Amino acid sequence: MMTVDVSDFQHQLMPLDTPCVTEIEAHQLAWDYLEHGARSVQTIFDDADDDWLPIWVLVQRDHVLAVASTVDKYAQVAYVAALVRIAFQTKQVPDVLAVGALVSSWLTRVEDVGRERIDQLMQAGSLPGAEERREILLMTSTGAARTWAFSADIGRDGVRPPTLGQFEALPNAGQELAGAMVDPIVKAFRRVEL
Numbered sequence: 002m003m004t005v006d007v008s009d010f011q012h013q014l015m016p017l018d019t020p021c022v023t024e025i026e027a028h029q030l031a032w033d034y035l036e037h038g039a040r041s042v043q044t045i046f047d048d049a050d051d052d053w054l055p056i057w058v059l060v061q062r063d064h065v066l067a068v069a070s071t072v073d074k075y076a077q078v079a080y081v082a083a084l085v086r087i088a089f090q091t092k093q094v095p096d097v098l099a100v101g102a103l104v105s106s107w108l109t110r111v112e113d114v115g116r117e118r119i120d121q122l123m124q125a126g127s128l129p130g131a132e133e134r135r136e137i138l139l140m141t142s143t144g145a146a147r148t149w150a151f152s153a154d155i156g157r158d159g160v161r162p163p164t165l166g167q168f169e170a171l172p173n174a175g176q177e178l179a180g181a182m183v184d185p186i187v188k189a190f191r192r193v194e195l
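Just so we're aligned, residue 2 is where the sequence shown starts under this note's numbering, counting upward by one.
Right, here's the structure in full:
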């Protein structure tokens with residue numbers, strides 16, 4: 002099990018004007034906070050190599066807790082999953098309804114290259130280095146019932162600061178998703194020990 006130091010993380014607690022009641026409301030709040038944050042950060046970029054740092058939001062009934070860090074992304078997801086488990090185990094902390102995450106990543110889409118090419122790349126183990134891949138900002142929101150995922154293309158020309166496209170739902174939005182940035186959060190919601 003990975004250990005993390007709480008001092009490596011910044012936290013911001015934001016009260017909600019109206020209590021969040023349902024998981025769908027929590028997902029919508031997570032998306033709104035993350036997309037607004039991504040677009041706000043883009044406005045301060047001044048270098049072609051600027052990038053978005055990962056950010057996490059835990060949506061509870063009365064507030065949103067934003068969590069950010071520059072530590073390894075795997076340490077970040079372990080820390081956020083621990084926060085979710087603590088929320089469910091501690092009566093003083095309200096249950097978490099959804100956890101949103103915003104991370105830059107690379108994506109190769111089946112609709113761009115075809116199923117056969119995806120299968121070739123996965124068999125070769127070279128998907129991360131594939132020339133067909135796109136740089137994206139991935140936004141997920143995980144709750145007890147499902148994980149939703151959206152992506153926006155990151156545009157780079159090597160001269161100007163990066164630009165961010167429109168967020169679009171990934172084809173499997175609302176279905177079961179898996180991966181290193183989602184699995185620990187899903188397990189925490191299902192109260193499964195890591």
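By construction, the Cβ of each residue, glycine as well, lies at the ideal position given by its N, Cα and C atoms. Remember, it's a predicted structure, so these values are computed and weren't measured experimentally.
DSSP-derived helix/strand/coil call for residue i
i    : result
P16  : strand
A181 : coil
F10  : strand
F190 : helix
C21  : coil
L195 : Reliability fails at L195, whose pLDDT of 45 lies under 50, so the model's placement of it is uncertain and the value that follows must be treated cautiously. Three-state DSSP puts L195 in coil, outside helix and strand.
R135 : strand
A146 : coil
G159 : coil
I87  : helix
Alpha-carbon to alpha-carbon, residue j and residue i
i    : j    : result
Q77  : S70  : 7 angstroms
D154 : Y80  : 27 angstroms
L165 : V97  : 29 angstroms
R62  : D18  : 11 angstroms
A150 : H64  : 22 angstroms
G156 : P163 : 5 angstroms
S152 : G101 : 13 angstroms
Q167 : T44  : 15 angstroms
Q90  : V187 : 16 angstroms
Cβ-Cβ distance between residue i and residue j below 8 angstroms
i    : j    : result
D9   : V72  : yes
L59  : L35  : no
L66  : L103 : no
R135 : W107 : yes
G159 : A82  : no
K74  : M182 : yes
Residue i at chain D interface by Cβ criterion, 8 angstroms
i   : result
A83 : The question asks about chain D, but that chain is absent: this structure has only one protein chain.
(message) Would you call the segment 14–32 in contact with the segment 131–151, where contact means no fewer than 3 C-beta pairs closer than 8 angstroms?
(response) yes
(request) Give a yes or no on contact between the segment 29–41 and the segment 50–63, applying the rule of three or more CB pairs nearer than 8 angstroms. (result) yes
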